[in-house]
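Structure record follows, encoded as structure tokens.
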Amino acid sequence: MSDRPPAGPSAPGTDALSQLGRATTTPQCPEEAVLERVPSPHQGRQYVVRFTAPEFTSLCPVTGQPDFAHIVIDYIPGKWIVESKSLKLFLSSFRNHGAFHEDCSIAIAERLVALLDPQWLRIGAYWYPRGGIPIDVFWQTGEPPKGVWIPAQDVPGYRGRG
Numbered sequence: 085m086s087d088r089p090p091a092g093p094s095a096p097g098t099d100a101l102s103q104l105g106r107a108t109t110t111p112q113c114p115e116e117a118v119l120e121r122v123p124s125p126h127q128g129r130q131y132v133v134r135f136t137a138p139e140f141t142s143l144c145p146v147t148g149q150p151d152f153a154h155i156v157i158d159y160i161p162g163k164w165i166v167e168s169k170s171l172k173l174f175l176s177s178f179r180n181h182g183a184f185h186e187d188c189s190i191a192i193a194e195r196l197v198a199l200l201d202p203q204w205l206r207i208g209a210y211w212y213p214r215g216g217i218p219i220d221v222f223w224q225t226g227e228p229p230k231g232v233w234i235p236a237q238d239v240p241g242y243r244g245r246g
């Protein structure tokens, strides 16, 4: 017999979710987005969860032109994991949001830290060039715990057409 909690609609902590399994529209801005969490199914273990958003978009706050990024979020859960549909909707809410690359990147990380209180979190935001200069933004909550395998993000630096 498995010691895993049941999966599906009866999984612990899923009864309060407001978006998973329901038709949900994309929020118009990050402030309207509802990020949701569920209990970590492996509390007490140190493991890395990775989300990759290779087609992230936001708007330049000055010109209104679209900005594109490849975002990689790694975290070691504490008591909570982020519910993935709510994370997708949250990231999509930046499409109409005007902010500089640095602000978008750090805002995503800080919102996740506030929601999850993870043991460790890092974000790598690899922004595509505007005006010929790519801007990459990296942030983490501190040193990762010892003994945890943290894979490289392996997003190649921008090489133009070469």
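The C-terminal position of the sequence shown is numbered 246 in the working numbering, with every residue numbered one higher than the one before it. We treat Cβ as the ideally placed atom computed from N, Cα and C, and that holds for glycine.
Contact check, residue i vs residue j, beta carbons under 7 Å
i, j, result
"W233", "L200", "no"
"R225", "L205", "The question names Arg, but residue 225 is Thr in the sequence shown. Yes; because the gap between Cβ atoms is below 7 Å, this pair is in contact."
"E286", "S170", "Beyond the ends of the chain as shown, which are 85 and 246, falls residue 286; an answer cannot be given."
"L173", "T110", "yes"
Exposure of residue i, with buried meaning 16 or more beta-carbon neighbours within 10 Å
i, result
"P161", "buried"
"R129", "exposed"
"I217", "exposed"
"F222", "exposed"
"A117", "buried"
"P229", "exposed"
"Y159", "buried"
Helix, strand or coil at residue i according to DSSP, with G and I counted as helix
i, result
"F184", "coil"
"I207", "strand"
"R179", "helix"
"I192", "helix"
"E227", "coil"
"L119", "coil"
"A198", "helix"
"P111", "coil"
"S170", "helix"
Inter-residue spacing [alpha-carbon to alpha-carbon] between residue i and residue j
i, j, result
"R179", "T108", "16 Å"
"G215", "Q237", "25 Å"
"G231", "Q203", "13 Å"
"G208", "G182", "19 Å"
"S189", "D151", "12 Å"
"P145", "E227", "32 Å"
"V166", "V122", "6 Å"
"F135", "S168", "9 Å"
"H154", "P213", "12 Å"
"A191", "T147", "20 Å"
"Q149", "V132", "34 Å"
"S37", "E194", "Here the chain has residues from 85 to 246 only, and residue 37 is not among them."
"C113", "Y242", "28 Å"
"E115", "Q127", "29 Å"
Other residues of its chain near residue i: CB distance less than 7 Å, five sequence neighbours each side excluded
i, result
"Y210", "A153, H154, D220, V239"
"P138", "H154"
"F184", "P145"
Nonlocal neighbours in the same chain, by C-beta distance under 8 Å from residue i, ignoring five residues either side
i, result
"T141", "P150, D151, F152, A153, F178, R179"
"E186", "I219, V221"
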